[in-house]
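Residue numbering for the sequence shown follows the working numbering, beginning at 4 and increasing consecutively. Cβ atoms here follow ideal geometry from the backbone N, Cα and C, with glycine treated the same way. For reference, the structure discussed in these notes is given below.
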Amino acid sequence: MSYTLPPSTSLNNNTSINHNFPTSSTSKTLLKPLTFPYTIPSKLTLTSPKSSTYANYNELGLDEEMGRIKRLQNGSDVRGVAVEGEPGRKVDLTPPAVEAIAESFGEWVTNGLEKEKGRPVEDVRISLGRDPRISGGLLSVAIFSGLGRAGCMTYDMGLATTPACFMSTVLSPFLYDASIMMTASHLPYTRNGLKFFTKKGGLTSPEVEEICDKAAYKYANRLTKVSTLLKTTPTRVDFMNVYAKHLRDIIKERVNHPQHYDTPLEGFQIIVNAGNGSGGFFTYEVLDKLGADTFGSLNLKPDGMFPNHIPNPEDKVAMSVTRAAVLDTTADLGIVFDTDVDRSGVVDKEGNPINGDKLIALMAAIVLKEHPGSTIVTDARTSMALTRFITDRGGQHCLYRVGYRNVIDKGVQLNEDGVDAHLMMETSGHGALKENYFLDDGAYMVVKIIIEMVRMKLEGSDQGIGSLIKDLEEPLESVLLRMDILSEPRHAKAQAIEIIETFKTYIQEGRLEGWELDACGDCWVSDGCLVDSNDAPAPVDAQMYRAKVSNEEDGQYGWVHIRQSIHNPNIAVNMQSTVRGGCLSMAQVFLDKFLIASGMDKDLEFSQLEKYVKNVNIS
């Protein structure tokens, strides 16, 4: 069946394009025109024909069809392979799948508004933004079709950022009821995904699971897999200029420069590395208009093939080339954005990369100046030194579950329970502030850093923002090891839970001497920084535990964090130590006294762990 569309619907960032995709020479070899046989021979239903054999086959087929959609859930996001080109991976984020998910989201939003208002609602308004991935145009059509099926009015933001999509629900005059951002963050060009927002913020994992469950039924039971016609075309809106002005106004108001209020960044050189994602706007529409010199900035042009490096502030290449540009131009600051700009990292004027624990420390230093005594929420992979850094400045450190949505939601919960928590930040660079709708916004984080940098200059300091974290110690040793689960993908989650729960039991029963489940009593977090012990515990989306490790000679010298991956069928093991040889010692105990002793080694491929134990050099 052909996917028939109106002759010209504006989906591209700059031009109206015909929907006989693709349009660019870059993508012609990767994407076929939008005509495809996404149909199935007959409608799969739960009705059993006379033949029991046929009935069983039909039910199995239905289960498999539904499983295709459910497996696309990735925590609080949807992610999948949208373009061929990945060895061993088939395309699973197809237009039919995306249409079903978008329709279910539109219905979910509508139902929520009706419950909230106590009456039927009409004209539910939902915006869509996307990063420059080459599959974005094709999948946008499917999203608009799905939202149209749900009776929603649609608004096309074109090239946008994830934070801007949320902000389109709260900034006047737009004030949309909900928004979708199409992105797969730092993942390869072959991937794509969806992030969902309402005026209350990003959706939680259970909410996305509910939407995907409903979408699975739609997908499996739909005779015609895709709509043949968009009933109404989306309205094109220019929101990014409004969002950029919002950021500019914040900088101008909070710096309040005594000589040049409207251009407070005069005299500062700032390098931006957008990684060919959506972050180039910050250079042109924010920094340049505030008077900054941005000469030497990198990879500002959107390119969905990401030809230079992974757009990721954790990527060594991204940080290295930004560092080189800062030093070559004697810039005051370097900025690295990920693809959709919900994360960022920086480089100080001395060329020191600031990401991970260092970025959390920098933001904590700024926030604790403004909000003394605030609780800082992070994931439980941060260092013992970061905890000391925060507490030395009068703050409280809450260690919590890995996953940026988990960390942010914990901050929201603490504030609701009367605990003043102004910063929630994951080591990946996702960071949210209470003052900014609890939104993980990489551009807003950078705005805070820039404001502090200008204030320091106005106060007569030439040290730069790196001086704020000069006393942050780094762990002596740190290692990440992964173990693959030896089971079918559909059983991998249950197998991972069994292994991780066995790990917890071994610690509780004292089988691993000197190992103890970590806890944050002041934040009502117990059982290895996983379980909320307050009256309204948040549901657990993935099993994980942090154990602190001690001995008689050194006291607590390290920690081990084991967690179930929500992206892939594996288990990640992080270790940090403040003494030489500590990670090797912990790895040896983990291998011999837990994995092998418990018999869990039979369910895992753990060659990384074995090689580390065998080959690590501690001299």
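- Counting only the Cα atoms, ASP420 lies some 46 Å from PRO310.
- Counting of Cβ neighbours within 10 angstroms places PHE298 among the exposed residues, the total staying below 16.
- Taking 4 residues as the shortest admissible run, the region 411 to 472 contains the following complete alpha helix (DSSP H) segments, listed from N- to C-terminal end: 445 to 461.
- Considered as a whole, the region 91 to 176 harbours 128 to 133, 156 to 162 as its complete beta strand (DSSP E) runs of no fewer than 3 residues, in chain order.
- Inclusion of GLY414 and ASP345 in the CB contact set at 8 Å is not warranted, their separation being larger than that value.
- DSSP links ASP351 through a beta bridge to LEU336.
- Note that the C-beta distance between SER171 and SER130 is below 8 Å.
- Nearest Cα to THR201 within the set TYR220, ASP180, VAL370, LYS221: ASP180.
- DSSP places ILE574 within a strand segment (E or B) once states are collapsed to three.
- LYS361 and MET308 have their C-alpha atoms roughly 30 Å apart.
- With a cutoff of 8 Å on beta-carbon distance, VAL552 and GLN591 are scored as not near each other.
- A straight-line Cα-Cα distance of about 10 Å links ILE565 and PHE593.
- Out of HIS263, GLY278, ASP487, the CA that lies nearest to the CA of MET603 is found in ASP487.
- By the criterion of a C-beta distance shorter than 7 Å, TYR264 is surrounded in its chain by LYS255, once the five residues flanking it on both sides are discounted.
- By the C-beta criterion, the region 93 to 112 is judged to be in contact with the region 143 to 155, since at least 3 inter-stretch pairs fall below 8 Å.
- Nearest Cα to VAL482 within the set PRO540, PRO237, GLY585, LEU190: GLY585.
- Under the 10 Å beta carbon count, SER610 is surrounded by fewer than 16 other beta carbons and is classified as exposed.
- ARG485 and PHE242 have their C-alpha atoms some 41 Å from each other.
- As the crow flies, the alpha-carbon of PRO209 is around 8 Å from that of GLY78.
- DSSP places LYS551 inside the beta strand (DSSP E), whose first and last residues are 547 to 554.
- Each residue's CA atom was taken as its position, placing LEU206 and THR186 some 15 Å apart.
- Collapsing the DSSP output to three states places MET69 in a helix.
- Leaving aside the five residues that flank ASP66 on each side, none in its chain has a CB nearer than 6 Å to its CB.
- Two segments are said to touch when three or more pairs of C-beta atoms, one from each, lie closer than 8 Å; by this definition the region 344 to 359 touches the region 465 to 473.
- For GLU608, the secondary structure class from DSSP, reduced to helix, strand or coil, is strand.
- DSSP places LYS203 in the coil class of the three-state scheme, outside both helix and strand.
- Shown here, HIS249 sits in a helix according to DSSP, grouped into three states.
- The region 112 to 127 makes no contact with the region 331 to 351; the number of CB pairs closer than 8 Å stays below 3.
- Of the residues ARG82, ASN259, ARG251, the one whose Cα lies closest to the Cα of THR286 is ARG251.
- In this structure, the beta-carbon distance from ALA435 to PHE392 does not fall below 8 Å.
- Distance from the Cα of LYS437 is smallest, within the candidate group SER529, GLY204, MET184, for GLY204.
- CA-to-CA, the gap between ILE273 and VAL457 works out to about 12 Å.
- The continuous alpha helix (DSSP H) containing ARG493 extends over residues 492 to 511.
- Only buried fits ASN279, as 16 or more other CB atoms lie within 10 angstroms of its CB.
- Here THR157 is near PRO237, since their CB atoms are less than 8 Å apart.
- Contact between ASP538 and VAL528 is absent: CB atoms are separated by about 14 Å, not below the 8 Å threshold.
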